[in-house]
Every structure is written in structure tokens, then in C-alpha cells.
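Quick note: the sequence shown uses the UniProt record's numbering, first residue 1, plus one each step.
We treat Cβ as the ideally placed atom computed from N, Cα and C, and that holds for glycine.
The structure displayed is predicted, hence computed values, not measured ones.
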Amino acid sequence: MLGSWSQVQTQSQLMSSSNSHDRHQEEETPGPPTAFHMRQLLVTCADLISQSDYSAAKRLFSILSSNSSPYGDSTERLVHQFIRALSLRLNGHGISTSIAPAAHVFNINNMVTSRPGWTNDKMLISYESDQETLRSCYLSLNKITPFIRFCHLTANQAILEAIQVGQQAIHIIDFDIMHGVQWPPLMQALAERSNNSLHPPPMLRITGTGHDLNVLHRTGDRLLKFAQSLGLRFHFHPLLLLNNDPTSLAHYLPSAITLLPDEALAVNCVSYLHRFLKDDSRELLLFLHNIKALNPKVVTVAEREANHNHPLFLQRFLEALDHYTALFDSLEATLPPNSRERLAVEQIWFGREIMDIVAAEGEGRRERHQKFETWEMMLKSVGFIKVPLSPFALSQAKLLLRLHYPSDGYQLQILNNSFFLGWQNHSLFSVSSWN
1 MLGSWSQVQT QSQLMSSSNS HDRHQEEETP GPPTAFHMRQ LLVTCADLIS QSDYSAAKRL
61 FSILSSNSSP YGDSTERLVH QFIRALSLRL NGHGISTSIA PAAHVFNINN MVTSRPGWTN
121 DKMLISYESD QETLRSCYLS LNKITPFIRF CHLTANQAIL EAIQVGQQAI HIIDFDIMHG
181 VQWPPLMQAL AERSNNSLHP PPMLRITGTG HDLNVLHRTG DRLLKFAQSL GLRFHFHPLL
241 LLNNDPTSLA HYLPSAITLL PDEALAVNCV SYLHRFLKDD SRELLLFLHN IKALNPKVVT
301 VAEREANHNH PLFLQRFLEA LDHYTALFDS LEATLPPNSR ERLAVEQIWF GREIMDIVAA
361 EGEGRRERHQ KFETWEMMLK SVGFIKVPLS PFALSQAKLL LRLHYPSDGY QLQILNNSFF
421 LGWQNHSLFS VSSWN
């Protein structure tokens, strides 16, 4: 029966490093578990759950809970999030419906959380639709990490390079535009490019998809005001996803998009394609075929560099543990210990993702990230050709890291004419360009 850390330590850890047989030394209480052993315990717990040995898994919860905290170091915070997700899975034995796409009930002002494994099912599954909290977390994530800005910056540069100077009309379809933070820098670049040439600024149209019409309208209003401040002609078209289901676009996309004569079309898929993956790839292939039929000048794709779509729970858990370990380590190294923004991002944004990957099953799983090779194979299979990202795009990405995120841990790689951003030799995001 597992009741304390000393009972799960290996024999070598229990041995004294000296040869002394002093009785006091033999009876010393072992120290707290290392980061490595905490992760090993998490894996053991997940393995027990995968084998339906729920009693043994619950006995591990006390050890994991007593050595985890949302306020500790990166390992303690990581374990805290994963034990919450494992607890939800354990209590539900694999949730067959989706984890709600909103924040866990969470008071961001006083940061009150509950110990996982010792609450009832209602508390663990209690979610509230708090769009403002999610918006705040997304903007914090965009501020304190380079990942979103890297994806946006690289995609924007690919769009600029694919559309010729002098093009009079540009149409961008942004799948899941959210708050539109990607587009002001592109607008600024278009205005500056026109100032440096004899051509007037182009008319810019953006079709943005989303699941909340009010959010889409507010996003459009903000972008319109910014475009007007630059003297750009701008139109925004909201496209509401039916039943908050991105796969519905695979069927009605051709009739939902209106293209005007002489418009140069760009399609932006940042953290979007993985949402089409279920038990097969039919919906994704249909979506990509419909995109290709629109004849875009460029399609930009950014995704997590992780395999969170494995059908086997334990394999999916191991992939998630590796991925989020690197993410939490990057936050630990680049932000102060008392950062409220980091705590909110970890607890709400990443916590929600971990909940989905670990606790949900079947059609309910939403965070089905796949590695770059999957997207490359899919895009090539429908006839897309990869466009190498330019040396200037590379210099911009390097400048972003140097000026705003000056840490040696962030690493930028070019593989297969695509960019990969990661932490300490662990790739976390990829960006590629296609036509």
C-alpha cells in the first residue's frame, strides 16, 4: 500500500551515500522527491488508470498532491495541473463529452484552487463560461511567451511576400480570429509598403471565423479603427461557426466565402487544423480541398509540435507531459516567481488544454495536436506546395526573441523549409507556408 514518498523510492535512494551504519543515519527520513521522480510518479499513476487499477491510482494521489502546488517551482506547478486532470479522468473514468471551452471556476484575484483528488465530481467538472477571463489569459499568453507572436509574425511575413506590391485588393480568411491581435502589424506593414512605393494602399478585407458573434463584432470594430488610423480601406466579415464546431466549415465553406474580382486571397490557419482531427482525417481533407478550390496565393499554417491525438490514453499522456514540461520550464526561467500572469496562463489556459488531453475521450477531445509531419503529408496530399520561408522572416523571428524574450533557452530552427520554435532542444511550435 502506497502511503508516503519513502514507500515508492527505489532501494538505491533509501541507501545512505556513506558506509556508516549509524542507527540515526539509517532512520533518517528521505527528502522530498526530485522533479524526475515526480514525473515518474505521474506516469505510474496514468499507467494504473489506463489499466483500470483505480484503487492503486488513488493511493498515489496523496503523494502527488502533497508534493504539488500552483505556486511552487515548475515541476510542482506542472504536477498540480496534471493531477487535476488525472483526478477528473479517474472520477469520470474517461469523460466521453468535451471539456467545456471556458475557464475552470477560478478566482483570478485571490488565486484560490482546490486540491485535486479530494473534491467531488461536481467541483472538478464545474466550469463557467467566462469569455473575459479567457480573453485576459490569451492576451497574457501573447505577452509573456513568444509563441503566439512568433506564429503571427512569421505568417504575416509569408502573406506579405506572397502578395505583390501594387495589389489593389487583399482578402484574408482567418480561421478562428479570436481577438485579431495578428493583424495590426500586417496593416502597418501594408501602409508602410505603400508609402515607400508609387502605389496606393490596398483595400483589405478580413473574414474572421469564431463561435461568439459578439466577440467577432468587437474584433472587427477594433481592427476597423486601427485601419482608419493608418488610412487603409478595410472591411471585416464575421463568419460564425455552427454549433461551435469548426468541422462544419468543411461542408459549407464554399458557399460561406465571397471572393471579389482581382482580390488576392490569403488563408490563415494558426492553431486551427488540429481541431478537424477526430478518429479519421476525412473532415480535414475535405476542408483542405475546399481551401485549395478558392485558389489562395498563400496558406499559412501554425501548430503545436506535439502528438496529442494518439488513440491510446497513456501514449497521449506521455506526449502531453513532455510538451507541457518544456512549456512550464520556459515560464519558470523567464518570469518572476510571483507572476500573476504566469499563474493565470498555467492554471486557466494550459490547465484547460491539459484537462482536455488527459481527461476527455472520444469525440469530446478537442486539443488533438499533431506534429509537423502530419500537416505536411495532409497538405501535400491535396496538392499544396510548400513555400520556403525567407531569410528576412528568419531575421524578424530572431529579432523578436532577442528584443522581447532574451533567454538562451528559446531556440529557433529551420527544418524542411519551415520554422520551429522550442525550448531547450524541445520543439513546441511550427510555422509553414503553402500555395
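Problem set entry | Alpha-carbon to alpha-carbon, residue 198 and residue 352 | Locating residue 352 in the sequence shown gives position 352, counting from the first residue. Locating residue 198 in the sequence shown gives position 198, counting from the first residue. When rounded, the distance between both Cα atoms is 49 Å.
For this session: Locate the alpha helix (DSSP H) running through residue 346, then write down its first and last residues.
Result: Indexing the sequence shown from 1 puts residue 346 at position 346. Where residue 346 is concerned, there is no enclosing alpha helix (DSSP H), given that its DSSP letter is neither H nor E.
Exercise. So what's residue 199 in DSSP terms, helix, strand or just coil?
Worked result: As a working note, residue 199 is residue 199 in the sequence shown. The answer is coil: DSSP assigns residue 199 none of H, G, I, E or B.
Exercise. Is it true that the segment 153-166 meets the segment 130-140, where meeting means three or more beta-carbon pairs spaced less than 8 Å apart?
Worked result: They do not touch, by the three-pair rule.
Exercise. Mind checking whether residue 266 and residue 173 have CB atoms under 9 Å apart?
Worked result: Residue 266 sits at position 266 when you count from the first residue of the sequence shown. Residue 173 sits at position 173 when you count from the first residue of the sequence shown. In this structure, the beta-carbon distance from residue 266 to residue 173 falls below 9 Å.
Problem set entry | Whole-angstrom distance between residue 347 and residue 408, CA atom to CA atom | For the purposes of this step, residue 408 is taken as the residue at position 408 of the sequence shown. For the purposes of this step, residue 347 is taken as the residue at position 347 of the sequence shown. About 25 Å.
Problem set entry | Of the residues 187, 262 and 61, the one placed nearest residue 229, counting alpha carbons only | Along the sequence shown, read from residue 1 onward, the residue named residue 229 stands at position 229. Residue 187 holds the alpha-carbon nearest to the alpha-carbon of residue 229 among 187, 262 and 61.
For this session: Determine, using beta-carbon pairs with one atom in the segment 384-401 and one in the segment 356-371, whether at least three such pairs fall under 8 Å.
Result: no
Exercise. For residue 67, does the three-state DSSP call read helix, strand or coil?
Worked result: Working through the sequence shown from its first residue, we reach residue 67 at position 67. Coil.
For this session: Quick one: grab the DSSP three-state call for residue 127.
Result: Here the question's residue 127 lines up with position 127 in the sequence shown. Legend: pLDDT at residue 127 = 38, less than 50; position of this residue unreliable, no value from coordinates given.
Exercise. Mind checking residue 36: buried by the 16 CB within 10 Å criterion, or exposed?
Worked result: The sequence position of residue 36 within the sequence shown is 36, counting from 1. So residue 36 counts as exposed.
For this session: Go ahead and label residue 180 buried or exposed: buried means 16 or more other beta carbons lie within 10 angstroms of its beta carbon, across all protein chains shown.
Result: In the sequence shown, the residue the question calls residue 180 occupies position 180. Label assigned to residue 180: buried.
For this session: Determine the closest residue to residue 147 out of 434, 432 and 422, with distance taken between C-alpha atoms.
Result: As a first step, residue 147 is located in the sequence shown; it is residue number 147 there, counting from the start. It is 422 whose Cα lies nearest to the Cα of residue 147.
For this session: Quickly, what does DSSP pair residue 415 with across the bridge? List them, please.
Result: Here residue 415 is taken as the residue at index 415 of the sequence shown, counted from 1. DSSP, once it has assigned bridges, lists 418 as partnering residue 415.
For this session: Output the boundary residues of the beta strand (DSSP E) element that contains residue 267.
Result: On the sequence shown, position 267 is the one that residue 267 refers to. Counting along the chain, residue 267 sits inside the beta strand (DSSP E) bounded by residues 264-270.
Exercise. Exposed or buried, residue 208, counting other C-beta atoms within 10 Å across all chains shown (16 or more means buried)?
Worked result: For this step, residue 208 is matched to residue 208 along the sequence shown. The residue in question, residue 208, is buried, as its Cβ has 16 or more Cβ neighbours within 10 Å.
For this session: To the nearest angstrom, report how far apart residue 370 and residue 89 are at their CA atoms.
Result: One-based indexing of the sequence shown puts residue 370 at position 370. One-based indexing of the sequence shown puts residue 89 at position 89. Straight-line Cα distance between these residues: approximately 22 Å.
For this session: Answer with buried or exposed for residue 297, where buried requires no fewer than 16 other C-beta atoms within 10 angstroms of its C-beta.
Result: One-based indexing of the sequence shown puts residue 297 at position 297. Buried, because 16 or more other Cβ atoms sit within 10 Å of the Cβ of residue 297.
Exercise. Quick one: what's got a C-beta closer than 7 Å to residue 213's C-beta in the same chain, skipping five residues either side?
Worked result: Here residue 213 is taken as the residue at index 213 of the sequence shown, counted from 1. Correct list, in chain order: 238 and 240.
For this session: Check whether the Cβ atoms of residue 288 and residue 379 sit closer than 9 Å, and answer yes or no.
Result: Looking up residue 288 in the sequence shown gives position 288. Looking up residue 379 in the sequence shown gives position 379. Yes, these two residues count as a Cβ contact at 9 Å.
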